[in-house]
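Numbering (the working numbering), first residue to last: 534 to 720.
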């Protein structure tokens, strides 16, 4: 048997310069297009199991500030069930600016009376969508204020409780149960 002599094969060189050029351009472009998500955790205060213990707290602390959100309006109540401000929806949706102004007025009145209130109950109808709930929570927690030529977040009511809106009673809707807290303020 005769064997053919092997020819000296030259090892092929692997040319990856074109691939490296592609990666040098592609990686920064993809990194610039990437969206980094920002997740914020909000602490919620849920009602306790025994409400009897909470009733022993002072009268000012047991009065609850409520924001009742319905599909056609927002009601600000203090104490429970006593209307401070009725905010009707606009063609664009809920009037968040009026809500923030009302909450700022209530917060300043509490401060003038020496009440350090930081809690608020957000009572919602079942039809209220998720984004509206998040926006209402953000607007109720703080607002943008200008202090010494810089914009800061001023605190309103950071301790937010969620709950179901009470059912609408036709007789209660006709009754005037307004609270005198904002009586001196202009509408």
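Quick reminder that beta carbons are idealized off the backbone N, C-alpha and C, glycines included.
Counting C-beta neighbours from all protein chains within 10 Å, is the total for residue 655 16 or more, i.e. buried, or is it exposed?
Here the question's residue 655 lines up with position 122 in the chain shown. When all chains shown are included, residue 655 counts as buried.
Rounded to a whole number of angstroms, what is the C-alpha to C-alpha distance between residue 636 and residue 609?
Here residue 636 refers to the residue found at position 103 when the chain shown is read from its first residue. Here residue 609 refers to the residue found at position 76 when the chain shown is read from its first residue. So the alpha carbons of these two residues sit roughly 8 angstroms apart.
Those residues which DSSP pairs with residue 667 across a bridge
Stepping through the chain shown from its first residue, residue 667 is reached at position 134. Per DSSP, none; premise fails for residue 667.
Could you please give the first and the last residue of the uninterrupted alpha helix (DSSP H) stretch that includes residue 630?
Numbered from its first residue, the chain shown carries residue 630 at position 97. Residues 629 to 645.
Looking at the unbroken beta strand (DSSP E) that takes in residue 694, where does it start and where does it end?
Reading the chain shown from its first residue, position 161 is the one you call residue 694. That run of the beta strand (DSSP E) goes 692 to 697.
Nearest-angstrom Cβ-Cβ length linking residue 650 and residue 598, presumed shorter than 8 angstroms:
Sequence index remark: in the chain shown, residue 650 carries index 117 (1-based). Sequence index remark: in the chain shown, residue 598 carries index 65 (1-based). 6 angstroms between Cβ atoms; contact.
Are the segment 614 to 625 and the segment 657 to 673 in contact at 8 angstroms, needing three or more beta carbon pairs?
no
Boundaries (first-last residue) of the alpha helix (DSSP H) holding residue 675
For the purposes of this step, residue 675 is taken as the residue at position 142 of the chain shown. Where residue 675 is concerned, there is no enclosing alpha helix (DSSP H), although the beta strand (DSSP E) it sits in stretches over 675 to 680.
From the DSSP secondary-structure annotation, give me the bridge partner or partners of residue 687.
Along the chain shown, read from residue 1 onward, the residue named residue 687 stands at position 154. The partner list for residue 687 (beta bridge, DSSP) reads 676.
Report the partner residues of residue 546 according to the DSSP bridge assignment.
Along the chain shown, read from residue 1 onward, the residue named residue 546 stands at position 13. Paired residues: none, contrary to the question.
Less than 7 angstroms between the beta carbons of residue 678 and residue 687, yes or no?
For the purposes of this step, residue 678 is taken as the residue at position 145 of the chain shown. For the purposes of this step, residue 687 is taken as the residue at position 154 of the chain shown. In contact: residue 678 and residue 687 (Cβ atoms closer than 7 angstroms).
Does residue 617 pass the burial test, meaning 16 or more other C-beta atoms within 10 Å, or should it be called exposed?
Here residue 617 corresponds to residue number 84 of the chain shown, with the count starting at 1. It is buried - the Cβ of residue 617 has at least 16 other Cβ atoms within 10 Å.
Comparing C-alpha positions only, which one of 549, 643 and 662 sits nearest to residue 690?
Mapped onto the chain shown, residue 690 falls at position 157. For residue 690, the nearest C-alpha among the options comes from 643.
What does the alpha-carbon distance come out to for the pair residue 543 and residue 536?
Position 10 of the chain shown, counted from the first residue, corresponds to residue 543. Position 3 of the chain shown, counted from the first residue, corresponds to residue 536. Their backbone Cα atoms lie some 20 angstroms apart in a straight line.
First and last residue of the uninterrupted beta strand (DSSP E) at residue 608
On the chain shown, position 75 is the one that residue 608 refers to. Residue 608 -> beta strand (DSSP E) spans 606 to 610.
Which residue's Cα is closest to the Cα of residue 692: 666, 682, 652 and 667?
To locate residue 692, count along the chain shown from 1; it is residue 159. Of the candidates 666, 682, 652 and 667, the one whose C-alpha sits nearest the C-alpha of residue 692 is 652.
Among 563, 596, 664 and 681, the one whose alpha carbon lies nearest that of residue 741:
With the chain running from 534 to 720 in the structure shown, residue 741 is simply not present.
I need the boundaries of the beta strand (DSSP E) containing residue 620, first residue and last residue.
By one-based count along the chain shown, residue 620 stands at place 87. Taken as a continuous stretch (DSSP letters only), the beta strand (DSSP E) holding residue 620 covers 616 to 621.
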